[in-house]
Amino acid sequence: DIGTRNKIRLWVNDIVKILNKKYPKLNLKPIFASKNVDSAELADFLNTLSRKIRKGKVLGKVDFGAVAAVNKNAKPSKKIDVSTLKPRHSLFGAWLRPRLNNIVTDFDIKDIPDGTRATTTSSDRLVAAVLGEKILKGGVLFSSVTDKFWAAKGIAAASGLINKFNALPVSSDGNRYLAITIGSLDSHMSNEDMTAEGIDRVEKLLTDGHIKPKDAAKAISVVLGRKVQLKKFKEEFNKIVGDNPTNSDVRKALEATVGNVKTTFPDRKAFLFTLLDDNRISGLPSYAELAEEHAEPVTRGHESGDIVAFIRTTGTLEMITPEKGDKSYSKSFPKVLKSVKDGKEVKSELLILNNAYSATEIFPQYTAANGDVVVWEEYVKDKTQAHKGDPIKAKKDYIFTMGGGTMSRSINEKINRFAVPTGSEVISVRKQKSVTNTKEFKEWFGESEVVDEDGNPLVVYHATKNDFDSFESSESTPNMLFFTPSIDFANNWIDRDSERKDEYGEVLEDKARDVLEREWSEIRKEGRRIKKEYGTDSRKYIDWLRESNNKIMGLRREINSLNSSIIPVYLKAENIFDPYNDDHYYIGVEALVEEYGEEGFERMMDERDEMGDNIAGYDLWEFPNMVAHLKKNGFDGMLLAEGIGEGVQETIAVFDATQVKSATGNTGEFSSIIPDIRKQKIAENTKKEVGRIKRLPQEAEDGATFNLDGTTYEGGGVILGLDSDDTTQDKLSSTGLSEFTKSRENLIYSPDDKVGLYKFENEPKVSMDLSFVGGQELKGRLLEIATWLRQESIYDMDNDDNIKTGHDGNDPVKLTPELSKLVHEAIYNEEPLNEFLTVRKQKGGLADLMFNNPSARAKILADKTIPISNDEQALRLTEIDIVRL
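The opening position of the sequence shown corresponds to residue 944 in this note's numbering, with each subsequent residue numbered one higher.
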């Protein structure tokens, strides 16, 4: 209610008064000046404050930005082209300029008064343009298009900019100055306006009849299933469009899912990238083409971190929230800042520079609000900083922190705090470098965030038993597999694993007896300590062994060698849940509240605050329903914190064994489908069905279909054969089926690939099959592909029907890994099959896939003039094929 909101408003403003009293130079303004504060704005601010406190951060002067003297002798980086700033200017007929007000072009930085101190903010590159009835209000040009000063996404960001700007000293010309730096070069693609533009492009194709609504809906549904973070939208999208959608249905479904105002920037950007670069809807531009088409020309040719403009005003900043339809309203940045002096709004001037400058040139040093002076030349060389000496990361961090924020470390930076292993471990990792460069590994690894500071796949470790077979989650934390970049920390996992106490105890009972008898005079006192402490805390026992300077140290090494194994692996995790990320944190909180109830959650958080526990602590997030919740929201991993002695080590959890690949001993054939690292456990899971088929009478005809882990496939669908091998009932075994599957791993490209057994009628012959199982909607496509592969038929399990292709099946095309990949691509590609294959022929590679006769291949390689038929000519080896061979 209004009364409660007002009490909170006064409390927040009291905090501001206390800060002003403690730090008079801040001169902060009340954050909520109006008594009619909006509930959402208040909640946003309190949530930000709460997150900061929960993270153990302390509010202080440094939170309110920094100031820096403008270096008027800065070295320019590149001339700025202002010719496109003319009002109503047309660019290739794509868009028109809106009217630009209060703008000064070709501004010389030397015209800024001497001694001026300024601060910075970053801008995306969205163009200021008129597209039909729509106005894009731009990034850099926002103030000129709207006659306002600036805008922000939320109240916390807006308040931060207000406070740091208003704290600036007034320059001799009566103005305060804000420098505008270019953010990442495609940051505007995550803007809601760009998502809307992508949706508009699809709608235009629908309206023009270029694509049917059903086809568009199907293509978009596939796109939503391609990226982990987008899968959460797929079910809702399909529900809205239904089976026979109209143009309007497709539009509504898009606006309700990825086009929703609550959708995050990364999700919108991922949708556009996947939609446009997947080429599933012809007629749409590529991601790069759309990005460049809607990039502000003033920013073209300039780099991230370049300053291209200043905004100046004689007033101080206040925040407003314009209504939709207002000139300054922006969907992506609803909190708008205006300049006010003596109670009246005053204009702001946008100064477009004649040359762009690196922010580190204009501001070679800055003074933080706590009085610390940060010098760029020293900062960039300081490898103790998060950037570790990387000049690109250093520049980004320097500019951001100068702007007054505290940058959250990325997943990679958090992981990268660990040192590379030394000694023998380094040799092992270096030997595997070539594996990570293979095509198979790169296809499997994708855009995984588990990389080192150079962007290379990072080796992480898992502690397990010597009889290690494949990764399995524990009963207490189902669907979670845990890894760490620290090999020492991995050893600690072994030490404190309660399930291993009995194993240690059995070994210790025999080994320790002999050692203690021989060395009793030396370790008599410690012997009692072993017996007493081992049963209560294995870590103390191991610590004692490590510190001891006697022969018992050898016992420790022997115990570890007998009972443990540290496995180095690579992880595929493209969207990791990080509790320190504000958006991630509140997604996680939803699951916590659902699990424990609101009162239980609050009580738990109060207890953690009292104990000083880390919000990323593993004990907070490791419960069974959390994984399902995170998966629903597009996450495929978690970054957690665990305390061992002094300091905190990060743990990475992934949700599926297919996300794990061995960093040693792998053949190089990586698959996202088969979960086990070195071998399948199909043998164990298929024993029952294999035994049933072995016992069938000779006259019987029957079969079984299995998922790739060996569990029985219970569904229906249409089967396309990929490869097979024959055996007999007496020789059939679950181990043999496991070996068959493993040997075909490089043909597997889809979770819809299955393993099957078929017992022929009136004979003991049994076929072991690798097949693709698709839905009824793919029946026609699968029949086309089977015909192309010269197979005899496909099998409809739902209708118990063998659908013939016209071939006798005696000379089918033998699948290679490359051809299997092509087959899987063809299944889901909507182009006519002959057109799809024609493109592949033109690009090269199909000849290599289709020629299975080694002697014929050798002849073509040896003699390019050999006469061949037209059909063979279409499959002739290209130079690309020859290089591949």
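A virtual CB, placed ideally from N, CA and C, is assigned to each residue, including glycine.
Since the structure is predicted, the reported quantities are computational estimates derived from the model, not experimental observations.
When we look at the beta-carbon of residue i and count the other beta-carbons within 10 Å, is it buried (16 or more) or exposed?
| i | result |
| --- | --- |
| Gly1590 | Confidence at Gly1590 is low in this model, with a pLDDT of 39, below 50, so its placement is unreliable and the value that follows should be read with caution. Result: exposed. |
| Tyr1341 | buried |
| Arg1439 | Residue placement at Arg1439 is flagged as unreliable, the pLDDT there being 46, under the threshold of 50; the coordinate-derived value follows with that caveat. Exposed is the call here. |
| Glu1392 | buried |
| Ala1571 | exposed |
| Glu1704 | exposed |
| Gln1734 | buried |
| Leu953 | exposed |
| Gln1602 | buried |
| Pro1428 | buried |
| Ala1643 | exposed |
| Thr1678 | exposed |
| Ser1301 | buried |
| Ala1231 | exposed |
| Arg1040 | buried |
| Lys960 | exposed |
| Asp957 | exposed |
| Lys950 | exposed |
| Arg1255 | buried |
| Asp1696 | buried |
| Lys1053 | exposed |
| Ser1086 | buried |
| Asp1751 | exposed |
| Asp1669 | exposed |
| Asp1051 | exposed |
| Glu1321 | exposed |
| Ile1662 | buried |
| Asp1269 | exposed |
Could you check whether residue j and residue i sit closer than 8 Å to each other, using their CB atoms as the reference points?
| i | j | result |
| --- | --- | --- |
| Pro1156 | Pro1188 | yes |
| Gly1389 | Lys1574 | no |
| Asn1184 | Val1193 | The sequence shown places Val at residue 1184, not Asn. Yes, Cβ-Cβ distance for Val1184 and Val1193 is below 8 Å. |
| Ala1011 | Arg1042 | no |
| Ala1095 | Ala1101 | yes |
| Gln1641 | Glu1720 | no |
| Leu1776 | Val1756 | no |
| Leu1084 | Leu1293 | yes |
| Leu1675 | Lys1637 | yes |
| Phe1598 | Ile1519 | no |
| Glu1541 | Asn1568 | no |
| Asn1203 | Leu1149 | no |
| Glu1140 | His1237 | yes |
| Val1070 | Gly1081 | yes |
| Ser1323 | Pro1307 | Inspection of the sequence shows that residue 1323 is occupied by Val rather than by Ser. Taking 8 Å as the Cβ cut-off, Val1323 and Pro1307 do not qualify as a contacting pair. |
| Ile1595 | Val1251 | no |
Determine which residues share a DSSP beta bridge with residue i and list them.
| i | result |
| --- | --- |
| Trp1093 | Leu1280 |
| Pro1400 | Val1394 |
| Met1262 | Leu1280 |
| Met1547 | Answer by DSSP bridge pairing: none, since Met1547 is not bridged. |
| Gly1581 | According to the sequence as given, residue 1581 is Met; it is not Gly. DSSP lists Phe1520, Ala1596 as partners of Met1581. |
| Thr1064 | Ile1123 |
| Gly1717 | Val1661 |
| Lys1267 | None, per the DSSP bridge assignment. |
| Glu1288 | Val1283 |
| Ala1012 | Arg1060 |
Would you say the beta carbon of residue i is closer than 7 Å to some non-hydrogen atom of the ligand GTP?
| i | result |
| --- | --- |
| Leu1111 | The ligand content of the structure shown is nil, which means the ligand GTP is not present either. |
Taking Cβ positions only, does residue i come closer than 8 Å to chain B?
| i | result |
| --- | --- |
| Ala1095 | The question asks about chain B, but that chain is absent: this structure has only one protein chain. |
Is the number of C-beta pairs between the stretch 1651-1660 and the stretch 1628-1636 that are closer than 8 Å three or more? yes
Whether or not the stretch 1121-1130 and the stretch 1243-1252 are in contact is what I'm after, with contact meaning three or more pairs of Cβ atoms, one per stretch, closer than 8 Å; do they touch? yes
What ranges does the alpha helix (DSSP H) occupy inside the stretch 1624-1695, keeping only unbroken runs of at least 4 residues that lie completely in it? 1625-1637, 1677-1686
Just checking, does the stretch 1276-1291 make contact with the stretch 1139-1159 on the three C-beta pairs under 8 Å criterion? no
Determine contact between the stretch 1101-1116 and the stretch 1051-1060, defined as no fewer than three beta-carbon pairs at a distance below 8 Å. yes
Evaluate the contact criterion for the stretch 1208-1218 versus the stretch 1067-1077: three or more CB pairs, one atom per stretch, below 8 Å. no
With a threshold of 8 Å, are at least 3 pairs of Cβ atoms found where one atom belongs to the stretch 1761-1768 and the other to the stretch 1691-1699? yes
Tell me the start and end of each unbroken alpha helix (DSSP H) in the stretch 1211-1237 that is at least 4 residues and wholly inside, in chain order. 1230-1236
Within the stretch 1719-1751, note down every full beta strand (DSSP E) run reaching 3 residues or more, in order along the chain. 1736-1739, 1744-1747
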